[in-house]
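Down below is the structure, laid out as structure tokens.
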Amino acid sequence: MASDQQLLDYVLRLADSDLILAQRLGEWVGHGPVLEEDIALTNVGLDLLGQARLWFAYAGEVEGRQVGSSGAGRSEDEFAYMREGGGFRNLLLAEQPNGNYADTTARQFYFDVWHELLLRNLAVSRDRRIAEIAAKALKEVMYHAERSADWVIRLGDGTELSHTRMQSGIDDLWMYTGEMFAADDTDLALAAEGVAADVGALLPAWRDRVAAVLDLATLTMPSAAWMQRGGKQGVHSEHLGHLLAEMQSLQRAHPGAQW
Amino acid sequence: MSHEWPLWEIFIRSQHGLAHKHVGSLHAPDAEMAVKNARDVYTRRNEGVSIWVVRSADIVASSPGKKEPMFEPASSKVYRHPTFFPMPDEVNHI
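So the sequence lines, in the order shown, correspond to chains D and W.
Counting along the first sequence from 1, when you hit position 257 you're at 257 in our numbering, and nothing is skipped either side.
Counting along the second sequence from 1, when you hit position 57 you're at 1057 in our numbering, and nothing is skipped either side.
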């Protein structure tokens, strides 16, 4: 039987990957290669931020009903701004730096394809709140996945320079994709009850979709087997600390500040 | 880089039953991306249910220099407007 703590961890993983990736995309504001892309990528970031808020709100509810709790869990802001790096449960992929536009596109593409498959599963979760949030988020994420695939194809099958950069982005981030499909005790306990998705089972569909897009993009699918992991358990790359320093600085200096 | 991308004119239909209306233009590498960019630039606040994109270069326009021969003859022909008929009071929307 899965515990409330496991459910809380699981919901925070969903929230944190959305939040951290949204923050990364926010770093592109005003720096996009063209105005249209600047707006489009920011839209994706804002979609993810909105989804993170829904997950955080639910995480607060779950925390509030835990045994021994005062009845009120943490707020969205407390989750986002008042936790240390080790408390974050996001995928390592989400926190990787933006790099050039091809790197950002590769990161987004890997994430979006996984995210869509995951949400399709969660939309039929036996946890009603998870199912509702997933169904709402899925509509946005289907667009994200289409858009990032479009860019992988255009950059991969573009000029010699864009092809080289797109291939580097695809290669460099490959080792962060394994974590998306590596289930731990929390995943397994919740999946057994039909609450969480069986992430391992998403891998074949993910590989097929990624392979099809890379093929159209005239890019080579990486084959390295070794994968980084740890983000879901709170073990992060050095990049997360820098990201949090910027994201959290205002709330750390002025706790509870609002505008 | 943006100057290498063609310009596209964007038409949005705001709801079923209304015609597409020109809302502006943007740059995009091809038609498919123009539709996506238009979605992100022009429909973020629920403005539309359908998008058309047309390459700006493909639009044939009347010349501003020929404004007088094109349009001025119409302004003196008031009888082309249906304003000379007494309308019954019950008819409101004409």
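All C-beta atoms in this analysis are idealised placements derived from N, C-alpha and C, irrespective of residue type, glycine included.
Distance check for residue 1054/W and residue 1060/W, CA to CA, integer angstroms please. The residue you call residue 1060/W lines up with position 60 of the second sequence. The residue you call residue 1054/W lines up with position 54 of the second sequence. Distance between the alpha carbons of residue 1060/W and residue 1054/W is about 11 Å.
May I ask you to verify whether the stretch 217-232 of chain D touches the stretch 36-56 of chain D, counting CB pairs closer than 8 Å and requiring at least 3? Here the stretch 217-232 of chain D makes no contact with the stretch 36-56 of chain D; the two share fewer than three CB pairs at distances below 8 Å.
For residue 243/D, I'd like the list of residues in its chain whose CB is within less than 8 Å of its CB, leaving aside the five on either flank, ordered along the chain. As a working note, residue 243/D is residue 243 in the first sequence. 20, 23, 24 and 95, listed in sequence order.
When the Cα of residue 1010/W is compared with those of 1088/W, 1086/W, 1036/W and 1069/W, which residue comes out closest? On the second sequence, position 10 is the one that residue 1010/W refers to. Distances from the CA of residue 1010/W to each of 1088/W, 1086/W, 1036/W and 1069/W were compared; the closest alpha carbon is that of 1036/W.
Within the 8 Å Cβ cut-off, does residue 34/D reach chain W? As a first step, residue 34/D is located in the first sequence; it is residue number 34 there, counting from the start. Residue 34/D counts as touching chain W.
Status (buried if at least 16 other CB within 10 Å, exposed otherwise) for residue 232/D: Residue 232/D sits at position 232 when you count from the first residue of the first sequence. Around the beta carbon of residue 232/D, 16 or more other beta carbons lie within 10 angstroms, which makes this residue buried.
Would you kindly work out how many angstroms separate the C-alpha atoms of residue 1001/W and residue 1028/W, rounded to a whole number? The residue you call residue 1001/W lines up with position 1 of the second sequence. The residue you call residue 1028/W lines up with position 28 of the second sequence. Since pLDDT at residue 1001/W reaches only 46, below the 50 mark, its modelled position is unreliable, and no value is offered.
What does the alpha-carbon distance come out to for the pair residue 1064/W and residue 1070/W? Against the second sequence, residue 1064/W aligns to sequence position 64. Against the second sequence, residue 1070/W aligns to sequence position 70. Using only the alpha carbons, I get a separation of about 9 Å.
In or out: residue 110/D buried (at least 16 other Cβ within 10 Å) or exposed? Position 110 of the first sequence, counted from the start, is the residue given in the question as residue 110/D. Residue 110/D comes out buried.
Counting only beta-carbon separations shorter than 8 Å, does residue 1037/W have a partner in chain D? Walking along the second sequence from the start, residue 1037/W turns up at place 37. So, interface residue.
For the candidate residues 1006/W, 1018/W and 1046/W, whose alpha-carbon lies nearest to that of residue 1032/W? Within the second sequence, numbered from 1, the residue matching residue 1032/W stands at position 32. Selection 1006/W, 1018/W and 1046/W evaluated against residue 1032/W yields 1006/W as nearest (Cα-Cα).
Using the C-alpha atoms, what's the distance from residue 1012/W back to residue 1081/W? As a position in the second sequence, residue 1081/W is number 81, starting the count at 1. As a position in the second sequence, residue 1012/W is number 12, starting the count at 1. Spanning the two alpha carbons is a distance of roughly 30 Å.
Given residue 79/D as reference, the closest of 72/D, 159/D, 123/D and 60/D once Cα atoms are compared: Here residue 79/D refers to the residue found at position 79 when the first sequence is read from its first residue. Considering only alpha carbons, the answer is 60/D.
Interface residues of chain W facing residue 43/D [CB-CB closer than 7 Å]: Stepping through the first sequence from its first residue, residue 43/D is reached at position 43. What residue 43/D touches in chain W: 1040 and 1044.
Kindly identify the DSSP beta-bridge partner or partners of residue 1009/W. Within the second sequence, the letter at position 9 stands for residue 1009/W. According to DSSP, residue 1009/W bridges with 1025/W and 1054/W.
Within chain D, partners of residue 1026/W - CB distance below 7 Å: Numbered from its first residue, the second sequence carries residue 1026/W at position 26. Those are 36, listed as they occur along chain D.
How would you label residue 117/D, buried or exposed, when you count the other beta carbons within 10 angstroms and need 16 or more for buried? The residue given as residue 117/D occupies position 117 in the first sequence. Residue 117/D should be labelled buried.
Just to confirm the assignment, what range does the alpha helix (DSSP H) spanning residue 153/D have? Walking along the first sequence from the start, residue 153/D turns up at place 153. If you look at residue 153/D, you'll find it in the alpha helix (DSSP H) that goes 128-156.
Exposed unless 16 or more other CB atoms sit within 10 angstroms - verdict on residue 259/D: Numbered from 1 along the first sequence, position 259 holds the residue referred to as residue 259/D. Label assigned to residue 259/D: exposed.
Identity of the residue in 1093/W, 1087/W, 1044/W and 1024/W nearest residue 1052/W by Cα: By one-based count along the second sequence, residue 1052/W stands at place 52. Here the closest residue by C-alpha is 1024/W.
Shortest alpha-carbon distance to residue 107/D belongs to which of 92/D, 163/D and 201/D? For the purposes of this step, residue 107/D is taken as residue 107 along the first sequence, with counting starting at 1. When each option's Cα is compared against that of residue 107/D, the closest is 92/D.
Measure the alpha-carbon distance for residue 28/D versus residue 84/D and round it to whole angstroms. Translated into the one-based positions of the first sequence, residue 28/D becomes position 28. Translated into the one-based positions of the first sequence, residue 84/D becomes position 84. Going from the Cα of residue 28/D to the Cα of residue 84/D covers about 24 Å.
Spatial neighbours of residue 198/D within its chain, please: CB distance less than 6 Å, with the 5 preceding and 5 following residues excluded, ordered by chain position. Within the first sequence, the letter at position 198 stands for residue 198/D. The answer, listed in chain order, is 191.
For a cutoff of 8 Å on Cβ pairs, would you count residue 1033/W as touching chain D? As a working mapping, residue 1033/W is identified with position 33 in the second sequence. It does: the Cβ of residue 1033/W has a partner Cβ on chain D nearer than 8 Å.
First through last residue of the alpha helix (DSSP H) which encompasses residue 206/D: One-based indexing of the first sequence puts residue 206/D at position 206. Per DSSP, the continuous alpha helix (DSSP H) segment holding residue 206/D begins and ends at 203-216.
Strictly below 7 Å CB to CB, what residues from chain W border residue 39/D? For the purposes of this step, residue 39/D is identified with residue 39 of the first sequence, where counting begins at 1. Residues of chain W whose Cβ lies closer than 7 Å to the Cβ of residue 39/D are, in chain order, 1040 and 1041.
What are the residues in the stretch 144-172 of chain D lying within 9 Å of chain W by C-beta distance? Listed in sequence order: 146, 147, 150, 151, 154 and 158.
Chain D residues whose Cβ lies nearer than 7 Å to that of residue 1029/W: The residue given as residue 1029/W occupies position 29 in the second sequence. Within 7 Å Cβ-Cβ: 154.
When the Cα of residue 176/D is compared with those of 52/D, 228/D, 163/D and 113/D, which residue comes out closest? As a first step, residue 176/D must be located in the first sequence, where it is residue number 176. Of the candidates 52/D, 228/D, 163/D and 113/D, the one whose C-alpha sits nearest the C-alpha of residue 176/D is 228/D.
Under a three-way DSSP split, which group does residue 242/D fall into? Counting from 1 along the first sequence, the entry for residue 242/D is found at position 242. Reduced to three states, the DSSP call for residue 242/D is helix.
Enumerate in chain order the residues of its own chain whose CB-to-CB distance from residue 163/D is below 8 Å, with the five nearest sequence positions on each side excluded. Working through the first sequence from its first residue, we reach residue 163/D at position 163. Hits under 8 Å: 155, 156, 157, 218 and 219.
Alpha-carbon to alpha-carbon, residue 123/D and residue 131/D: In the first sequence, the residue the question calls residue 131/D occupies position 131. In the first sequence, the residue the question calls residue 123/D occupies position 123. So the two alpha carbons sit approximately 4 Å from each other.
Given this structure, state the Cα-to-Cα distance separating residue 166/D from residue 102/D, to the nearest angstrom. Taking the first residue of the first sequence as position 1, residue 166/D is located at position 166. Taking the first residue of the first sequence as position 1, residue 102/D is located at position 102. Those two C-alpha atoms are separated by around 5 Å.
Give the range of the alpha helix (DSSP H) segment to which residue 1059/W is assigned. Taking the second sequence and counting its residues from 1, one reaches residue 1059/W at position 59. For residue 1059/W, no alpha helix (DSSP H) run applies, since DSSP gives it neither H nor E.
For residue 300/D, which three-state DSSP category applies? In the structure as shown, chain D starts at 1 and stops at 259, and residue 300/D therefore has no counterpart that could be examined.
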